[in-house]
Amino acid sequence: MSWHDVAAAPGVVAGPSPYDSARFGIAVDRVSVSAASAATLEDVLDAISASTADVVILRYPTDRMRWFAALTELDRTAIVADNLVGWKLATGQGRRPSPLPRGLEIVHAVSAAEMDTMIVGAFRDYGNHYLANPLFDPALVLAGYQEWAGREITSGVVALRNAESRDRESGMLGFVTYGDASGAAEIALGGVISGAQNSGLYPHLLAGLEDRAASRGIESVVISTQSRNVRVQRRWADYGFKPVLSIFTVHLIRRGLLRNSAGLAENRSRQG
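As structure tokens, this is what we get:
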């Protein structure tokens, strides 16, 4: 879901998730209540009851923590999947890193193959809310990131590459993809490949995006991640981002489906 859905949408945002449904082979809907929404629990329950999907991925502000008790009374199994934390930076207020090391350069266009390589290198071991749900095959989560990034690079990308590498694809070191989020530049995905992590490169990607935002007159940059991803949140704090929202992620699974999850896992193992 977009920053608008979790930060600014005025009501309940509900609808099918075609990419999730196609990837995991079960019907998935998404329902969200933004931090700015005045939607009530009754509004959310109405949206959930209208769904016929196998899984409803629900997101709502953590200050409405009493809602979860009501979710456990539905004809669905409620799983606490994660907690989404949102951060924001005023454009021009970032703590700029020192100049790029010699031989490295920022680029603003990458191929699908280059992006796939970086996704595998940066996200192979990354956990997210899908992993809390036994119905979702963990092996398909990484493919989901690749699919997502492939869509995002048409909106905007800042990437870091070794200009001295003979092979452009193997020379790609990290990236952020971004799009418009109600007047802000929203970082959708970002990371540095495993072999180049902890080498001070990530702030250069943030600086590259901040430059792009400034050149377009965009006043802020926003980003979100699961609360467990503490390391990257430290990087954001160091750069100057401030935490601005906290959102629960709950999976609501149609009754009876979890009883079959062991069989699904066994079939996946055999197919693998």
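Numbered per my numbering, the sequence shown spans residues 3 to 274.
Just so it is clear, CB atoms sit at the ideal spot from N, CA and C, and this is done for glycine as well.
| message | Buried or exposed, going by whether 16 or more other CB atoms sit within 10 Å of the CB of Q273? | response | Because the pLDDT at Q273 is just 47, under 50, the model does not fix this residue reliably, and the value given afterwards should be weighed accordingly. Its Cβ having fewer than 16 others within 10 Å, Q273 is exposed.
| Around the C-beta of S196, are 16 or more other C-beta atoms found within 10 angstroms, so that it is buried, or is it exposed? | With fewer than 16 other Cβ atoms within 10 Å, it is exposed.
| query | Around the C-beta of T42, are 16 or more other C-beta atoms found within 10 angstroms, so that it is buried, or is it exposed? | reply | Result: exposed.
| Straight-line CA distance for I225 to L259? | Distance between the alpha carbons of I225 and L259 is about 33 Å.
| query | Cα-Cα, which of R78, A71, A92 and L254 is closest to Y241? | reply | Ranked by Cα distance from Y241, the options R78, A71, A92 and L254 are led by A92.
| query | Given 8 Å as the limit, is there contact between the segment 56-74 and the segment 28-47, that is, 3 or more CB pairs closer than that? | reply | Touching, yes, given that three or more Cβ pairs across the two stretches are closer than 8 Å.
| said: Are the CB atoms of G176 and Y204 within a distance shorter than 8 Å? | reply: Result yes, Cβ atoms of Y204 and G176 sit closer than 8 Å.
| said: Could you pull the DSSP bridge partners for V35 from this structure? | reply: When DSSP reads this structure, V35 sits in a beta bridge with V14.
| How long is the line joining the alpha carbons of S113 and R233, rounded to whole angstroms? | About 28 Å.
| Same chain, Cβ closer than 7 Å to N164, five either side skipped, listed in chain order | Within the same chain, N164 has close Cβ partners G105, L106, G173 and L175.
| request: Give the DSSP bridge partners of L86, in chain order. | output: Beta-bridge pairing links L86 to Q228 and I249.
| message | To the nearest angstrom, how far is the alpha carbon of Q95 from that of W69? | response | In this structure, the CA atom of Q95 is about 37 Å from the CA atom of W69.
| query | Can you list the beta strand (DSSP E) stretches of 3 or more residues lying completely in the segment 118-201, in chain order? | reply | Here the runs fully enclosed are 159-164, 174-183 and 186-194.
| query | Pick from R257, N231 and H253: whose alpha carbon is nearest that of V87? | reply | Looking from the CA of V87, the closest CA among R257, N231 and H253 belongs to N231.
| message | I need the DSSP call for T2, collapsed to helix, strand or coil. | response | Any answer about residue 2 is impossible in this case: the structure gives the chain only from 3 up to 274.
| Inter-residue Cα distance where the pair is L60 and D84 | In this structure, the CA atom of L60 is about 11 Å from the CA atom of D84.
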